[in-house]
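First comes the structure, then the notes that go with it.
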Amino acid sequence: MDEVLFNKATLVGAELDYVAESMASGRTTAGGPFTERVVELLTAELDAVDVLLTTSCTAALELSAMLLDLQPGDAVIVPSFTFATTALAFAREGAQLLYCDIEPETLGLDPEHVADLLDRADRAGVRVRAVVAVHYAGVACRLDRLQEVLADHPDVALVEDNAHGLAGRHRDRPLGSFGRFATQSFHATKNFSCGEGGALVLNDPADRERAGVLHEKGTNRRAFSLGHVDRYSWVDTGSSFGLADVLAAHLLGQLEQRALIQERRSAIWNRYHQALGTAAPDGLLLPSVPATADPAWHLYHVLLPDRGERDRVLQEMNAAGIWAVFHYVPLHSSVAGRRFAAPLAGGGQCPVADDVSGRLLRLPLHLSLTDADVDRVVDELLAAVRRGAPVPR
Ligand SMILES: *Cc1c(COP(=O)(O)O)cnc(C)c1O
112 MDEVLFNKAT LVGAELDYVA ESMASGRTTA GGPFTERVVE LLTAELDAVD
162 VLLTTSCTAA LELSAMLLDL QPGDAVIVPS FTFATTALAF AREGAQLLYC
212 DIEPETLGLD PEHVADLLDR ADRAGVRVRA VVAVHYAGVA CRLDRLQEVL
262 ADHPDVALVE DNAHGLAGRH RDRPLGSFGR FATQSFHATK NFSCGEGGAL
312 VLNDPADRER AGVLHEKGTN RRAFSLGHVD RYSWVDTGSS FGLADVLAAH
362 LLGQLEQRAL IQERRSAIWN RYHQALGTAA PDGLLLPSVP ATADPAWHLY
412 HVLLPDRGER DRVLQEMNAA GIWAVFHYVP LHSSVAGRRF AAPLAGGGQC
462 PVADDVSGRL LRLPLHLSLT DADVDRVVDE LLAAVRRGAP VPR
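Be aware that the sequence shown starts at 112, since it is given in my numbering, and climbs by one per residue.
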């Protein structure tokens with residue numbers, strides 16, 4: 112039987128025409144005409160001050176870490192349950208990391224643990240400069256409470272690692288518009304892609320000028336192109352962060368079809384949810400979405416009763432050609448995670464992240480999936496779960 116791939120990059124609009132147009136124009140480098148169109152689209156969509164396209168979400172996180180101007184001893188709070196570069200980007204700029212647990216409903220940062228870490232850091236004389244939030248699966252983390260906690264700490268910046276969240280909303284406001292910075296990913300595994308790509312979203316006008324310099328290899332070339340200075344030179348730190356315009360061309364083709372992409376992703380998500388909800392097998396926990404969230408439909412996951420069952424079900428599905436996967440290995444207990452951890456008494460415990468990491472299974476979700484594929488994934492999952500069910504007496 113055919114395999115059901117976990118992910119497949121799918122063309123949905125004018126991607127190839129735009130790439131051909133970019134190649135023919137000879138303006139394939141960063142900052143070209145397609146970049147301009149993507150920036151305009153994203154700035155409007157996110158109600159942002161500005162958007163800078165980058166080579167990846169990781170690069171955008173690095174850029175945000177540079178813009179924080181971290182000093183020796185500064186700390187950054189990151190979720191333990193996330194992709195490594197959510198944390199690495201800040202460690203690389205010298206931050207000590209404080210690992211925050213997730214809360215069980217949204218699998219996003221637990222604001223009560225954030226409050227606790229901020230208290231402990233205060234008492235230990237550790238200066239926390241930022242809290243990085245991930246909207247897991249494209250569902251807003253507990254933003255209301257997080258904003259309440261951060262209101263007592265006006266010097267602590269909120270950074271949204273919005274790799275999952277583009278097109279998602281919280282109380283009808285776009286994810287990516289809540290932090291001082293938000294970062295986007297256009298990696299092939301994300302909702303909208305160009306192979307590898309990203310963006311830094313700026314929501315504070317005060318960051319605009321320096322962000323432009325750091326993004327342009329530490330030069331004031333952007334001010335020069337805008338006619339603000341009559342020559343450009345090296346003025347600050349930075350790197351070559353810009354996305355090639357030929358990739359922005361591909362990305363524009365995807366983003367123009369965002370309504371169609373989101374409609375199909377939502378249909379697949381809901382087909383999984385309905386089929387699994389109806390079957391309601393014991394020991395299979397389905398995702399839940401708070402009433403205040405409009406999800407970005409980035410991924411569909413289920414929780415099995417324990418690690419042993421998860422590993423068995425995953426293996427049996429893979430053997431049947433269904434490429435379900437698991438993630439994340441919690442950062443607080445990883446080799447590098449421990450190396451960059453702030454030594455803070457009573458910190459370092461993330462029991463929910465540990466628990467979820469062992470039980471979570473992600474199902475295929477991409478635009479090349481047919482309804483029949485989705486139904487087959489459901490059948491194989493349910494069959495695998497039932498094979499492990501205790502035999503009734
Ligand atoms: C995918 C992802 C990243 C990394 O994105 P790249 O564009 O590959 O650098 C970072 N954080 C989260 C939460 C992600 O899912």
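Backbone N, C-alpha and C define an ideal beta-carbon position, used for all residues, glycine too.
Counting along the chain, the unbroken beta strand (DSSP E) around Gln207 starts and ends at 207–211. If you compare the alpha carbons of Val440, Asp490, Asn429, Thr146 with that of Leu116, the shortest gap goes to Asn429. Remark: the C-beta of Ser350 is outside contact range of ligand 1, defined as less than 7 Å to any heavy atom. Leu172 sits close to Thr294, with the two beta carbons spaced by under 8 Å. By the criterion of a C-beta distance shorter than 8 Å, Cys211 is surrounded in its chain by Ile188, Val189, Pro190, Ser191, Leu220, Asp221, His224, Val225, Leu228, Val242, Cys461, once the five residues flanking it on both sides are discounted.
Rounded to the nearest angstrom, the Cβ distance from Gln373 to Val123 is 11 Å, too far for a contact under 8 Å. The Cβ atoms of Ala155 and Leu181 do not sit closer than 8 Å to each other.
Listed by position in the chain, the residues whose beta carbon lies within less than 6 Å of some heavy atom of ligand 1 are Ser167, Cys168, Thr169, Thr193, Phe194, Thr196, Thr197, Val245, Asp272, Ala274, His275, Ser296, His298, Gly309. DSSP links Gln295 through a beta bridge to Ala310. The C-beta separation of Ala359 from Leu164 comes to about 6 Å, placing the pair in contact by the 8 Å criterion.
Here DSSP, grouped into helix, strand and coil, assigns Asp263 to coil. Short of 7 Å from the beta carbon of Ser304, and not among the five residues preceding or following it, lie these beta carbons of its own chain, in chain order: Ala120, Phe297, His298, Gln365. In the structure shown, the three-state DSSP call for Arg319 is helix.
By the criterion of a C-beta distance shorter than 6 Å, Leu478 is surrounded in its chain by Thr121, Arg375, once the five residues flanking it on both sides are discounted. Distance from the Cα of Thr197 is smallest, within the candidate group Gln258, Val267, Asn273, for Asn273.
For His438, the closest alpha carbon among the candidates Val467, Ala456, Glu427 is that of Val467. Check the Cα spacing between Ala453 and each of Arg238, Phe145, Ala200: the tightest is with Arg238. With a threshold of 16 other beta carbon atoms within 10 Å, Met177 meets it and is buried. Per the DSSP secondary-structure output, Arg473 pairs in a beta bridge with His412, Val436. For Val488, the uninterrupted alpha helix (DSSP H) run begins and ends at 482–498, by DSSP. Thr193 and Leu442 have their C-alpha atoms spaced approximately 7 Å apart.
From the listed residues Glu216, Ser175, His361, the smallest Cα separation to Ala200 is found for Ser175.
The Cβ atoms of Asn331 and Ser350 lie no closer than 8 Å to each other.
DSSP, read as helix, strand or coil, puts Asp465 in helix. When the alpha-carbon of Leu471 is set against those of Pro215, Glu114, Thr146, the nearest one is in Pro215. The criterion of a C-beta distance shorter than 8 Å is satisfied by Pro285 and Asp158. Secondary structure of Val324 (DSSP, three-state): helix.
Per DSSP, the unbroken beta strand (DSSP E) holding Arg240 starts and ends at 239–245.
Classified as buried, Pro406 has 16 or more neighbouring CB atoms from the shown chains inside 10 Å of its CB.
Secondary structure note for Val424: its alpha helix (DSSP H) is the uninterrupted segment 418–430. Within the same chain, Cβ atoms closer than 6 Å to the Cβ of Ala386 are found at Val489, the five residues on either side in sequence being excluded.
In this structure, the alpha-carbon of Glu420 lies about 51 Å from that of Gly143.
One thing to note: Ala170 has its Cβ no nearer than 8 Å to the Cβ of Phe335.
Counting along the chain, no alpha helix (DSSP H) covers Pro392, and no H or E run does either.
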